[in-house]
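As numbered in our numbering, the sequence shown has no gaps in its residue numbers, which increase by one up to the final residue, 466.
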Amino acid sequence: MLASMNKNRRRWVIGGGGSILLVIIVLITLSRTSGGSAIPTYPLSRGTFVISLTETGELRAQNSVVITAPPVRTNLQIVSLAPKGAEVEIGDTLVVFDGTDLQQGIDEKQSELDIAIANRDKNRSSMASSMADLDAQLQNSQASYRIAELRLQQMQFEADIVREEQELSLQQSRISLEQARENINQQKIINEAELKTLELRVIQARNDLEKAKRDLDKLTVIAPQPGLVVYKKIWKGGDMGEVKIGDTPWRGQALLELPDLSIMEVATTVNEVDVAKVEAGQKAVIVPDAFPDLKYAGTVIDVARLARIDENSEAEIKVFDVVVQLDSTDTTLKPGMTVSTTILIKEISDTLSMPLDAVFTDNGETFAYRQSGGYKRVAVELGDRNDNFVVVRSGLEEGQRVSLVDPTKPFDADQWAGQSSVDKESSNGSPSSVGGDGGNGGRGGGRKRR
Numbered sequence: 017m018l019a020s021m022n023k024n025r026r027r028w029v030i031g032g033g034g035s036i037l038l039v040i041i042v043l044i045t046l047s048r049t050s051g052g053s054a055i056p057t058y059p060l061s062r063g064t065f066v067i068s069l070t071e072t073g074e075l076r077a078q079n080s081v082v083i084t085a086p087p088v089r090t091n092l093q094i095v096s097l098a099p100k101g102a103e104v105e106i107g108d109t110l111v112v113f114d115g116t117d118l119q120q121g122i123d124e125k126q127s128e129l130d131i132a133i134a135n136r137d138k139n140r141s142s143m144a145s146s147m148a149d150l151d152a153q154l155q156n157s158q159a160s161y162r163i164a165e166l167r168l169q170q171m172q173f174e175a176d177i178v179r180e181e182q183e184l185s186l187q188q189s190r191i192s193l194e195q196a197r198e199n200i201n202q203q204k205i206i207n208e209a210e211l212k213t214l215e216l217r218v219i220q221a222r223n224d225l226e227k228a229k230r231d232l233d234k235l236t237v238i239a240p241q242p243g244l245v246v247y248k249k250i251w252k253g254g255d256m257g258e259v260k261i262g263d264t265p266w267r268g269q270a271l272l273e274l275p276d277l278s279i280m281e282v283a284t285t286v287n288e289v290d291v292a293k294v295e296a297g298q299k300a301v302i303v304p305d306a307f308p309d310l311k312y313a314g315t316v317i318d319v320a321r322l323a324r325i326d327e328n329s330e331a332e333i334k335v336f337d338v339v340v341q342l343d344s345t346d347t348t349l350k351p352g353m354t355v356s357t358t359i360l361i362k363e364i365s366d367t368l369s370m371p372l373d374a375v376f377t378d379n380g381e382t383f384a385y386r387q388s389g390g391y392k393r394v395a396v397e398l399g400d401r402n403d404n405f406v407v408v409r410s411g412l413e414e415g416q417r418v419s420l421v422d423p424t425k426p427f428d429a430d431q432w433a434g435q436s437s438v439d440k441e442s443s444n445g446s447p448s449s450v451g452g453d454g455g456n457g458g459r460g461g462g463r464k465r466r
């Protein structure tokens with residue numbers, strides 16, 4: 017009896033000790049596996065999978081007019097400027113230049129015109145008087161010729177010598193008559209030439225006056241279109257500075273820019289590696305850096321055909337210029353703002369996807385760790401991917417959870433980079449969100465900067 021009790025006690029001690037040892041081993045294993053922290057997982061769900069490309073760009077007006085100093089031959093000095101940043105309409109005054117010199121020139125041109133008109137009228141009157149005298153001479157010559165004719169007719173019975181004398185007198189009268197007519201014709205030609213010259217002087221003086229008035233009007237520069245007043249920098253002796261009252265720019269120098277804010281676009285660049293993915297017509301989402309809560313829809317309207325070196329990069333990276341037009345705008349958006357532009361490359365509806373953190377490879381095999389009591393290694397076939405997620409073609413099903421870390425290795429939550437990007441227990445991890453980093457969750461930081 018005692019021996020039997022001792023035997024049973026040894027069995028219990030051995031069995032109990034074995035159980036305790038097993039618990040210790042499990043605890044050590046879990047400790048080594050998870051470091052005392054829960055392994056992050058991700059619930060698989062179906063949704064719209066978005067492949068996008070995010071670049072930094074700058075807002076600008078699609079239609080912009082540069083206001084220049086007028087081409088007027090005078091000393092241009094600015095006496096008035098529209099306020100910087102003011103929104104103006106067509107016809108609003110932008111720049112006013114000092115017109116003192118031009119006004120003096122207008123007064124002089126007016127005097128020259130008055131003198132030219134007076135000379136023309138004076139000569140016209142003198143010509144009319146001269147023509148009246150010539151006309152009187154012509155009438156006298158005509159009368160003398162007629163008298164000579166009558167006398168010759170009366171002398172038909174006179175001596176030959178008397179008739180010959182009268183014939184000579186008639187011939188002299190005819191010559192005088194023809195000369196009077198010729199004098200009138202010649203004087204008319206001379207008068208017409210002189211009057212034409214005098215009239216041209218009047219026209220020239222009037223044109224000079226009108227030009228001077230137009231030049232004076234040009235000294236007041238008005239807005240040719242609605243827009244926002246942007247000051248340009250001009251050369252001021254030894255430095256560049258924004259235009260201001262008192263400046264004396266040269267003719268044709270750019271002073272202001274007037275962007276039309278009704279149509280805005282983003283000027284951005286795409287790396288040569290990604291440019292093949294981008295084409296005109298693709299949709300985009302624009303987020304101003306200054307207003308990260310605002311999103312604007314847009315469309316790619318132009319992709320450059322030639323690459324250039326990115327000036328903002330120390331390395332000689334080749335980029336292609338891309339222009340994205342905003343579908344709508346508002347007063348929040350201003351030219352020059354820095355924006356993040358997410359170009360939507362591709363959308364796949366109703367598809368299963370998971371974070372890239374859940375993808376592992378070993379000896380050419382791609383697999384994931386599916387949560388099923390423990391973690392089971394499952395071979396998967398993958399499809400398209402974006403910065404954070406990848407399409408799952410086979411191997412996993414909706415509703416299953418996958419580990420975002422290798423559960424066979426020690427895990428420290430404090431050192432896990434993915435913890436800031438993926439909610440370990442969240443069930444809302446669809447990558448279909450537009451305008452972010454290619455989807456919610458997954459590897460963080462899909463946004464690119466130039």
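Glycine is no exception: its CB is placed at the ideal position from the N, C-alpha and C atoms.
Quiz item: Taking the C-alpha atoms as reference points, what is the distance between Pro423 and Lys293?
Solution: Using only the alpha carbons, I get a separation of about 36 Å.
Quiz item: For Ser356, does the count of other Cβ atoms within 10 angstroms reach 16, so buried, or fall short, so exposed?
Solution: Under this definition Ser356 is a buried residue.
Quiz item: Cβ of Leu277 within 7 Å of any heavy atom in the ligand ZN?
Solution: Although the ligand ZN was asked about, the structure shown includes no ligands whatsoever.
Quiz item: Which class does Ala163 belong to by DSSP, given the choice of helix, strand or coil?
Solution: The sequence as given places Ile at residue 163; Ala does not occur at that position. Looking at Ile163 - three-state DSSP - the assignment turns out to be helix.
Quiz prompt | Contacts around Leu214, its chain only, beta-carbon distance under 8 Å, and the 5 residues preceding and following it disregarded | solution = Within the same chain, Leu214 has close Cβ partners Ala132, Asn135, Arg136, Asn139 and Arg140.
Quiz item: Just how far apart, CA to CA, sit Val471 and Leu372?
Solution: A query on residue 471 cannot be resolved here, the shown segment of the chain reaching from 17 to 466 and no further.
Quiz prompt | Inter-stretch contact (C-beta, 8 Å, three-pair minimum) for the segment 163 to 183 and the segment 116 to 129 | solution = Judged by Cβ distances under 8 Å, the segment 163 to 183 makes no contact with the segment 116 to 129, as fewer than three pairs qualify.
Quiz item: What residues in its chain sit with their C-beta under 7 Å from that of Ser468, if we drop five residues either side in the sequence?
Solution: Limits of the chain in this structure are 17 at one end and 466 at the other, which puts residue 468 out of reach.
Quiz item: How would you write the range of the beta strand (DSSP E) that Arg267 sits in, first residue to last?
Solution: Neither: Arg267 is in no beta strand (DSSP E) and is coded neither H nor E.
Quiz item: For Ile94, which three-state DSSP category applies?
Solution: Three-state DSSP puts Ile94 in a strand.
Exercise. Let me know the secondary structure DSSP gives Val355 once reduced to three states.
Key: It is a strand residue.
Quiz item: Taking all protein chains shown into account, do 16 or more other C-beta atoms lie within 10 angstroms of the C-beta of Gln187, making it buried, or fewer, making it exposed?
Solution: Classification of Gln187: exposed, given that the 10 Å Cβ count is below 16.
Quiz item: Do you know whose CA, among Asn199, Asp378, Ser142 and Gln126, lies nearest Leu154's CA?
Solution: The option with the nearest alpha carbon to Leu154 is Asn199.
Practice problem: Report yes or no: do three or more beta-carbon pairs, one from the segment 80 to 96 and one from the segment 374 to 381, lie closer than 8 Å? | Solution: Not touching, per the Cβ criterion.
Quiz prompt | Span of the alpha helix (DSSP H) around Glu180 | solution = DSSP places Glu180 inside the alpha helix (DSSP H), whose first and last residues are Asp176 to Lys234.
Quiz prompt | Helix, strand or coil at Ser145 according to DSSP, with G and I counted as helix | solution = Collapsing the DSSP output to three states places Ser145 in a helix.
Quiz prompt | DSSP beta-bridge partners of Asp337 | solution = The bridge partners DSSP lists for Asp337 are Thr285.
Quiz item: Applying the criterion that 16 or more other CB atoms from any shown protein chain within 10 Å of the CB defines a buried residue, is Val339 buried or exposed?
Solution: A residue is called buried once 16 or more other Cβ atoms fall within 10 Å of its Cβ, and Val339 is buried on that count.
Quiz item: Which residue spans inside the segment 349 to 415 form an unbroken beta strand (DSSP E) run of at least 3?
Solution: If only uninterrupted beta strand (DSSP E) runs of at least 3 residues are considered, those enclosed by the segment 349 to 415 are 354 to 371, 376 to 378, 381 to 388, 390 to 395, 397 to 401 and 405 to 410.
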